[in-house]
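A.B. asks: Chains as they are written, first to last, in the working numbering: chain C, 1 to 327; chain B, 1001 to 1499.
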Amino acid sequence: MVAAPSHRATQDTGWPHRWLSGHGQVLVVLGAIVALFVVVSFVNQRFLSPANLTTIFSGNAYIAVAAIGMTMVIITGHIDVSVGALIGVLATIAGTLAVAGWPLWMVWLAPLVVGVLVNTLAGALVAYAGIPSIVLTLGFLSILKGGLIVVTGGDWISDLPRGFFLAQMKLFGLPVPMLTALVLTLAVAWWMAHFRFGRAIYAVGSNPEAARAIGISVERTVVGVFALHGLFAGIAAVLFATQLTIIQSTVPPNLELMIITACVIGGVSILGGVGTVIGAALATILFATITSAMIFTNVSAYWLRAVIGGLILITVLADVARRRRQA
Amino acid sequence: MIPLRVTEVSKSYGGVRALRPVSFDVRAGEVHALLGENGAGKSTLIRIMSGLVAPDTGQIEVDGAARVFRSPRDAARAGIVTIHQELLLFPDLSIAENICMADDPAALGWVDRAAQLSKARALLADLDSGDVDPAQPLRTLSVAQRQRVEIARALGRQARVLIMDEPTASLADADVARLIAIVRRLRERGVAIVYVSHKLSEVRSLADRVTILRDGGFVATRPAEGMTEADMIGLMVGRSISELYPKGEPKIGAEMLRVEGLTLAPRVQDVSFSLRSGEILGLAGLVGAGRTELARLIFGLDRPGAGRIILNGTEIRVASPQAAVAQGIAYVPEDRGLQGLVRSMPVAANVTMASLSKVVRGLFLSSRAEEAAGQDAIQQLGIRAPRGPAHIAGKLSGGNQQKVVVAKWLRSMPKVLILDEPTRGVDVGAKAEIHALMGDLTRQGLAILMISSELPEVLGMSDRVLVMARGRVTGLFERAEATPERVAAAMVAEMQGAS
Chain C
1 MVAAPSHRAT QDTGWPHRWL SGHGQVLVVL GAIVALFVVV SFVNQRFLSP ANLTTIFSGN
61 AYIAVAAIGM TMVIITGHID VSVGALIGVL ATIAGTLAVA GWPLWMVWLA PLVVGVLVNT
121 LAGALVAYAG IPSIVLTLGF LSILKGGLIV VTGGDWISDL PRGFFLAQMK LFGLPVPMLT
181 ALVLTLAVAW WMAHFRFGRA IYAVGSNPEA ARAIGISVER TVVGVFALHG LFAGIAAVLF
241 ATQLTIIQST VPPNLELMII TACVIGGVSI LGGVGTVIGA ALATILFATI TSAMIFTNVS
301 AYWLRAVIGG LILITVLADV ARRRRQA
Chain B
1001 MIPLRVTEVS KSYGGVRALR PVSFDVRAGE VHALLGENGA GKSTLIRIMS GLVAPDTGQI
1061 EVDGAARVFR SPRDAARAGI VTIHQELLLF PDLSIAENIC MADDPAALGW VDRAAQLSKA
1121 RALLADLDSG DVDPAQPLRT LSVAQRQRVE IARALGRQAR VLIMDEPTAS LADADVARLI
1181 AIVRRLRERG VAIVYVSHKL SEVRSLADRV TILRDGGFVA TRPAEGMTEA DMIGLMVGRS
1241 ISELYPKGEP KIGAEMLRVE GLTLAPRVQD VSFSLRSGEI LGLAGLVGAG RTELARLIFG
1301 LDRPGAGRII LNGTEIRVAS PQAAVAQGIA YVPEDRGLQG LVRSMPVAAN VTMASLSKVV
1361 RGLFLSSRAE EAAGQDAIQQ LGIRAPRGPA HIAGKLSGGN QQKVVVAKWL RSMPKVLILD
1421 EPTRGVDVGA KAEIHALMGD LTRQGLAILM ISSELPEVLG MSDRVLVMAR GRVTGLFERA
1481 EATPERVAAA MVAEMQGAS
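What follows is the structure, encoded as structure tokens:
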């Protein structure tokens, strides 16, 4: 995957320097992935087997898709800790409809629609009622998680119809999840860099008062971003629901933290205003690479969390240091 | 054609009259200064003209046609752009994006980056800021440069009326000169400029007409020519200038503080002076003369390389601010927002902060003792806090915030009080109150070292004036011999010799 130009790249003189300064984080993540590949493939050549590459690039693709929406939310200066629960609920909706015999296109579309509706409501409550997003989405998290257990009783959904398993299909010889994540990431990166609404997202996150003063509606931008975030959560849920032969009717544990972590490590400033979706997507690949590398080098998988935790601290410290230097 | 005229506009907020009917207009190629103390109604009038609030009565005319502004964007479309004191820019976006963010986009919201860059470059070059690279993020710029970016944005929006709210409040002298040159240039080009500033010397050199508001009402509109600063102040406060420095007869006593050969190279070089009880010693100098650095040494914030500090006859060592407070030295720093005041906490908590042990009962802080302390401070210093000791400090006016900071230090029973720019950023009325307070305190025997960049304040308040330049003492004048010419000459004394 190649990093596309972001909102700061220009064709001006001295662009390599400027591009580097705006994309340091993306390059660091990319470098880490390449380094891991080189080192681990020396230790164990099966690391580069097609099966393992599919696991790395496709297994976490739904997280990369969800991270697109999360990136936008964080850039506007908000956060959503309920997205993992939402993906669990949407996956269960897809599975339930599929078992009930609904046409597949409706089964795949339903999570997208419900995702948009739920998050539009969340966005409206944040923007117009002025509820801090972390508080509001903590509430949504409990409601969605609890509701899911009550409705399903914790049962797994199996006996899914043939043809339901979108995530196991291939298009142009590539796994659908990987292709989806790739296309969506590049498209959204381009859109955020070159279109007015994309700019408004950065503007609102950087200085809401200034955005308001030049006629950007902060409220509408926030609601729009949450709605888009719901759409991407819906797509992520479809990929998640269709990758295995069963759907566990529980929320994938710590999924929201994984998504937020991907954004932060990918260079999205938790203070808003800065970041690209490409960094977040690369960070999800980095997680998958680290996980796989640990398996292939016989390191206990329990170290994964500690490693990712270390990465978060380093990234945030670098962000704070950068802001201090430039302030 | 008058590009902007408001007629009999007024505004109330929840029953409180913020602005009584006022008429105001600005012509093309004119700088029209708007003067008044804080609370005089300037901000409300600006908010009405910039489309932030709708007036209750009256009307707004652009080029003779009545208009209604529903938002700042409406006003900008009519060619009226406001540059607020708090610059409304996006630190994380590039300079070009900041300048072009308000432009109408092409079809489907597509943004043409190359066009933005060249437009930004042209606008900046026009403002003598061709050295600024518009592709850089805004956060790399200084405040003065950011301000020029905001002016460039206004011009990019075809502003014909530019409303500037205290544009020089946070600029250094060199940047002020550059800004004034830019304002003059815009005037020559036919831009109508509404200029709000507390710095009357600026207004005198720049304005064509002056409008003065007081207590939410209109006082006068006059040609600037022939108006002195004293005239302006008189109209603003409704009093004459001699009443502004109510200097009573001082009761000067024994020497309280003596500093000998204090040095912290290169900012403070061999400084010696003495300060007596009941005396106000004014410390004058240009920015960077080493005045604040000297204060920091005396207060124990920095350690001197050489020299002695003698308090009340005994040499003391001030290793830390805590030690300084314990010895009886208090320091009210220049930036009360950053260093002196916890804005989110009530007056009472702020007042007791530096002397918490006095409100401890047993193991706990006594909220009753704290409230009593807050009440004392409010009465003693005349702090205007409608909710009493529980009033949140950050919601007070600038002058009253300053009084809270002073109250905090007075509770530690200092013998020497160092005030660094005690009236910066407060309006003329609050200034007079702070000056009166200083007089009261010295009559109770306190010795005050007052750092001020305002010459009239130094001359009006000080019993003696100490002048510093480039870290050295370049003059010491008794009140009677401290004329503006002499003090100013000492302020630049070493500048000609060195460099």
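Backbone N, C-alpha and C fix where the C-beta goes; we use that ideal spot for every residue, glycine too.
What's the C-alpha gap between residue 1151 of chain B and residue 1083 of chain B?
C.D. replies: 7 Å
A.B. asks: According to a CB-to-CB cut-off of less than 9 Å, which residues of the region 1440 to 1469 of chain B neighbour chain C?
C.D. replies: From the region 1440 to 1469 of chain B, no residue has a Cβ closer than 9 Å to chain C.
A.B. asks: Go ahead and pull the three-state DSSP assignment for residue 293 of chain C.
C.D. replies: It is helical.
A.B. asks: Could you tell me whether the Cβ of residue 189 of chain C comes closer than 9 Å to any Cβ of chain B?
C.D. replies: No, its Cβ sits nowhere closer than 9 Å to a Cβ of chain B.
A.B. asks: Does the region 258 to 270 of chain C come within contact of the region 163 to 170 of chain C, defined as at least 3 CB pairs closer than 8 Å?
C.D. replies: No, the region 258 to 270 of chain C is not in contact with the region 163 to 170 of chain C.
A.B. asks: Quick check on DSSP: helix, strand or coil for residue 1454 of chain B?
C.D. replies: coil
A.B. asks: Per DSSP, what kind of secondary structure is residue 194 of chain C in: helix, strand or coil?
C.D. replies: The DSSP-derived three-state label of residue 194 of chain C is helix.
A.B. asks: Tell me whether residue 7 of chain C is buried or exposed, calling it buried when 16 or more other Cβ atoms sit within 10 Å of its Cβ.
C.D. replies: Because residue 7 of chain C sits at a pLDDT of 41, beneath the cut-off of 50, its placement in the model cannot be relied upon, and the following sentence gives the value as read from the coordinates. Its Cβ being crowded by 16 or more others within 10 Å, residue 7 of chain C is buried.
A.B. asks: Should residue 1431 of chain B be labelled buried (16 or more other beta-carbon atoms within 10 Å of its own) or exposed?
C.D. replies: A buried status is given to residue 1431 of chain B, since no fewer than 16 other beta-carbon atoms sit within 10 Å of its beta-carbon.
A.B. asks: In the DSSP assignment, the beta strand (DSSP E) including residue 1270 of chain B goes from what residue to what residue?
C.D. replies: 1268 to 1276
A.B. asks: Buried or exposed, going by whether 16 or more other CB atoms sit within 10 Å of the CB of residue 48 of chain C?
C.D. replies: exposed
A.B. asks: Taking only runs of the beta strand (DSSP E) that begin and end inside the region 259 to 289 of chain C, which ones reach a length of at least 3 residues, in chain order?
C.D. replies: none
A.B. asks: Reducing DSSP to helix, strand and coil, say where residue 1408 of chain B ends up.
C.D. replies: helix
A.B. asks: Using a Cβ cut-off of 8 Å, pull out every chain B residue sitting near residue 194 of chain C, in sequence order please.
C.D. replies: Residues of chain B whose Cβ lies closer than 8 Å to the Cβ of residue 194 of chain C are, in chain order, 1110, 1111 and 1113.
A.B. asks: Take residue 1254 of chain B and list the residues in its own chain whose beta-carbon comes closer than 7 Å to its own, dropping the five residues that flank it on each side.
C.D. replies: Excluding residues within five positions, the ones whose Cβ falls inside 7 Å are 1276 and 1277.
A.B. asks: Near residue 21 of chain C, which residues of its chain fall below 7 Å by C-beta distance, leaving aside the five closest residues on each side in sequence?
C.D. replies: Bear in mind that a pLDDT of 49 at residue 21 of chain C, under 50, signals an unreliable position, so the model cannot answer this.
A.B. asks: Would you say residue 227 of chain C and residue 123 of chain C are within 9 Å of each other, going by their C-beta atoms?
C.D. replies: yes
A.B. asks: Just to confirm the assignment, what range does the beta strand (DSSP E) spanning residue 1352 of chain B have?
C.D. replies: Not the beta strand (DSSP E): residue 1352 of chain B falls in the alpha helix (DSSP H), residues 1347 to 1352.
A.B. asks: Got a sec, what are the start and stop residues for the beta strand (DSSP E) residue 1195 of chain B sits in?
C.D. replies: Per DSSP, residue 1195 of chain B is one residue of the beta strand (DSSP E) stretching across 1192 to 1196.
A.B. asks: Between the C-alpha atoms of residue 1404 of chain B and residue 1341 of chain B, what's the straight-line distance to the nearest angstrom?
C.D. replies: Distance between residue 1404 of chain B and residue 1341 of chain B, taken at the CA atoms: about 8 Å.
A.B. asks: Where does residue 1013 of chain B fall in DSSP's three states?
C.D. replies: strand
A.B. asks: For residue 1229 of chain B, which three-state DSSP category applies?
C.D. replies: helix
A.B. asks: Going along chain B, which residues have a C-beta under 7 Å from residue 274 of chain C?
C.D. replies: 1092
A.B. asks: Between residue 1125 of chain B and residue 1148 of chain B, what straight-line distance do the alpha-carbon atoms span, to the nearest angstrom?
C.D. replies: 11 Å
A.B. asks: Go through its chain and collect everything with a Cβ distance to residue 248 of chain C's Cβ below 7 Å, but skip five positions before and after it.
C.D. replies: Setting aside the 5 residues that flank it on each side, residue 248 of chain C is surrounded in the same chain by 156, each with a C-beta closer than 7 Å to its C-beta; the list follows chain order.
A.B. asks: The beta strand (DSSP E) spanning residue 1315 of chain B covers which residue range?
C.D. replies: 1314 to 1316
A.B. asks: My assumption, with CB atoms under 8 Å, is that residue 1298 of chain B sits in contact with residue 1434 of chain B. Please give the rounded CB distance.
C.D. replies: That belief does not hold up - the Cβ atoms of residue 1298 of chain B and residue 1434 of chain B are roughly 21 Å apart, past 8 Å.
A.B. asks: What span of residues does the alpha helix (DSSP H) with residue 1291 of chain B cover, start to end?
C.D. replies: 1291 to 1298
A.B. asks: Based on Cα-Cα distance, which residue from B:1117, B:1006, B:1424 and B:1371 lies nearest to residue 1457 of chain B?
C.D. replies: B:1424
A.B. asks: Contact defined as beta carbons within less than 8 Å: I believe residue 1219 of chain B pairs with residue 1192 of chain B. What is the distance between those atoms, to the nearest angstrom?
C.D. replies: Residue 1219 of chain B to residue 1192 of chain B, Cβ: 22 Å. No contact.
A.B. asks: So, are the CB atoms of residue 1167 of chain B and residue 1116 of chain B less than 9 Å apart?
C.D. replies: no
A.B. asks: Can you give me the C-alpha to C-alpha distance between residue 78 of chain C and residue 1033 of chain B, rounded to a whole angstrom?
C.D. replies: 41 Å
A.B. asks: Would you please verify whether the beta carbon of residue 1086 of chain B is less than 9 Å from any beta carbon of chain C?
C.D. replies: yes
A.B. asks: Using the rule of at least 16 other Cβ atoms within 10 Å of the residue's Cβ for burial, across every protein chain shown, is residue 1047 of chain B buried or exposed?
C.D. replies: Counting Cβ neighbours within 10 Å, residue 1047 of chain B comes out buried, since at least 16 surround it.
A.B. asks: For the alpha helix (DSSP H) containing residue 1380 of chain B, list its first residue and its last residue.
C.D. replies: Under the DSSP assignment, residue 1380 of chain B falls in the alpha helix (DSSP H) whose first and last residues are 1367 to 1381.
A.B. asks: Since residue 65 of chain C contacts residue 181 of chain C with CB under 8 Å, what's their CB separation in whole angstroms?
C.D. replies: Their Cβ separation, rounded to whole angstroms, is 5 Å, which keeps residue 65 of chain C and residue 181 of chain C in contact under 8 Å.
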